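> There's a structure below that I have some questions on.
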Ligand SMILES: [Zn+2]
């Protein structure tokens, strides 16, 4: 299948790589006024440039002398080693160096130290684990509008509704391959009130993905009031209708072998009307939709290998019903 054109240049992270904490790429700003602890993460995947753009521009505002209004703000450029390898001619090759940084957030993997990404996750953990709000900025393999991925607890969906970013909200239980940052520690816990969202801002190479990331940052800072948004470039805020739908992910289709094939070229958020429709084949086995109006979420057409989630299946719910 044709690769979409990659039109977003990587930002020059220059001085922002270093951080102002003891950990490379991690910046922390504290107000004397009490308030929420807000964290924004970018480059969990090294080829997802939109978040690196938004975070580096926010750092330029803060390092220009703008002060927080209250609370604490942590900004993390997460997989710098992978980002350093970014090449627009092979934009998928720099997703990670040794393994996916967004599958390493369970206690056993954080403690293991067995790969570059596991060691980096352990380094980042102390800076990320005590946030009240986490915004994790990503982009996607395929072209499509923004997706807001939250955990199963209703507080996350409430947070995303309050944030008001345009896109489709997807409520999903996580990855069989390993725990994501979004679900780690307090964020995945049924107790407490730590809220998190992972935003897929569009296709990796689409310049609009950067606009979506900036909008999400602007809205988060407005919602939590850790910064006066008058101090941010006004064009960051996009005037788009907020999410109308949430999708509850019921199944993840995982390729068991290299033999997996889709029955047609699926598109993101494609609705399959009839229960029992064949969507793929693997080693003579048919993969069918389990219910009517089944939504295909983020079909992955490029990274086939055993153990990879090739598509998720979801039911549609209105945003009102999602929190009921
Ligand atoms: Zn990502």
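Residue numbers (our numbering): 1310 to 1633.
Where a beta carbon is used, it is the ideal one built from N, C-alpha and C, also for glycine.
Since the structure is predicted, the reported quantities are computational estimates derived from the model, not experimental observations.
1. Would you kindly work out how many angstroms separate the C-alpha atoms of residue 1421 and residue 1522, rounded to a whole number?
2. So the candidates are 1480, 1355, 1547; which of them puts its Cα closest to the Cα of residue 1514?
3. Buried or exposed: which applies to residue 1539, given that a residue is buried once 16 or more other Cβ atoms fall within 10 Å of its Cβ?
4. Report yes if the C-beta of residue 1354 is less than 8 Å from at least one heavy atom of ligand 1; otherwise report no.
5. Just to confirm, are residue 1409 and residue 1487 a CB contact at a threshold of 9 Å?
6. Please find out if some non-hydrogen atom of ligand 1 comes closer than 8 Å to the beta-carbon of residue 1447.
7. Whose C-beta lies closer than 7 Å to the C-beta of residue 1312 among residues of the same chain, with five residues either side of it excluded?
8. If I'm right that residue 1533 touches residue 1468 with Cβ under 8 Å, what's the distance once you round it to whole angstroms?
9. Which two residues bound the contiguous beta strand (DSSP E) that contains residue 1372?
10. Does the beta-carbon of residue 1451, which I'm using as the reference point, lie nearer than 8 Å to any heavy atom of ligand 1?
11. Which residue comes first and which comes last in the beta strand (DSSP E) that contains residue 1524?
12. Kindly give me the distance between the Cβ atoms of residue 1541 and residue 1370, rounded to whole angstroms, as I take these residues to be in contact under 8 Å.
13. Might you give, ordered along the chain, the residues of its own chain that have their beta carbon closer than 8 Å to the beta carbon of residue 1512, omitting 5 neighbours on each side?
14. Given that a residue counts as buried once 16 or more other Cβ atoms are within 10 Å of its Cβ, and exposed if not, what is residue 1401?
15. When every heavy atom of ligand 1 is checked, does at least one fall within less than 8 Å of the C-beta of residue 1411?
16. With a Cβ-Cβ cutoff of 9 Å, do residue 1505 and residue 1460 count as a contact?
17. What residue range is occupied by the uninterrupted alpha helix (DSSP H) comprising residue 1465?
18. Taking just the CA atoms, how far does residue 1620 sit from residue 1596?
Looking at the coordinates:
1. Locating residue 1421 in the chain shown gives position 112, counting from the first residue. Locating residue 1522 in the chain shown gives position 213, counting from the first residue. Approximately 32 Å, taken between the alpha carbons.
2. Sequence index remark: in the chain shown, residue 1514 carries index 205 (1-based). The candidate whose alpha carbon is nearest that of residue 1514 is 1355.
3. Along the chain shown, read from residue 1 onward, the residue named residue 1539 stands at position 230. Exposed, by the Cβ-count rule.
4. Here residue 1354 refers to the residue found at position 45 of the chain shown. Residue 1354 Cβ: within cutoff of ligand 1.
5. Position 100 of the chain shown, counted from the first residue, corresponds to residue 1409. Position 178 of the chain shown, counted from the first residue, corresponds to residue 1487. Yes, Cβ-Cβ distance for residue 1409 and residue 1487 is below 9 Å.
6. Position 138 of the chain shown, counting from 1, holds the residue named residue 1447. Answer for residue 1447: yes, Cβ within range of ligand 1.
7. Walking along the chain shown from the start, residue 1312 turns up at place 3. Counting only Cβ-Cβ distances below 7 Å, and skipping sequence neighbours, we find nothing.
8. Residue mapping note: residue 1533 aligns to position 224 of the chain shown, counting from 1. Residue mapping note: residue 1468 aligns to position 159 of the chain shown, counting from 1. The distance from the Cβ of residue 1533 to that of residue 1468 is about 10 Å, inconsistent with a contact at the 8 Å cut-off.
9. In the chain shown, residue 1372 corresponds to position 63, counting from 1. First-last for residue 1372: 1358-1372, but that is the alpha helix (DSSP H), not the beta strand (DSSP E).
10. Here residue 1451 refers to the residue found at position 142 when the chain shown is read from its first residue. Outside the cutoff, so no.
11. Residue numbering aside, residue 1524 sits at position 215 when the chain shown is read from its first letter. No beta strand (DSSP E) contains residue 1524, which is instead part of the alpha helix (DSSP H) from 1516-1533.
12. Position 232 of the chain shown holds residue 1541. Position 61 of the chain shown holds residue 1370. Indeed, because the Cβ distance is near 6 Å, the residues count as touching under 8 Å.
13. Taking the chain shown and counting its residues from 1, one reaches residue 1512 at position 203. Cβ within range, chain order: 1313, 1448, 1449, 1450, 1451, 1452, 1453, 1518.
14. As a first step, residue 1401 must be located in the chain shown, where it is residue number 92. So residue 1401 ends up on the exposed side.
15. Position 102 of the chain shown, counting from 1, holds the residue named residue 1411. Residue 1411: yes, Cβ under 8 Å from ligand 1.
16. Your numbering for residue 1505 matches position 196 in the chain shown. Your numbering for residue 1460 matches position 151 in the chain shown. Residue 1460 sits close to residue 1505, with the two beta carbons spaced by under 9 Å.
17. Working through the chain shown from its first residue, we reach residue 1465 at position 156. Per DSSP, the unbroken alpha helix (DSSP H) holding residue 1465 starts and ends at 1463-1472.
18. As a working mapping, residue 1596 is identified with position 287 in the chain shown. As a working mapping, residue 1620 is identified with position 311 in the chain shown. Straight-line Cα distance between these residues: approximately 11 Å.
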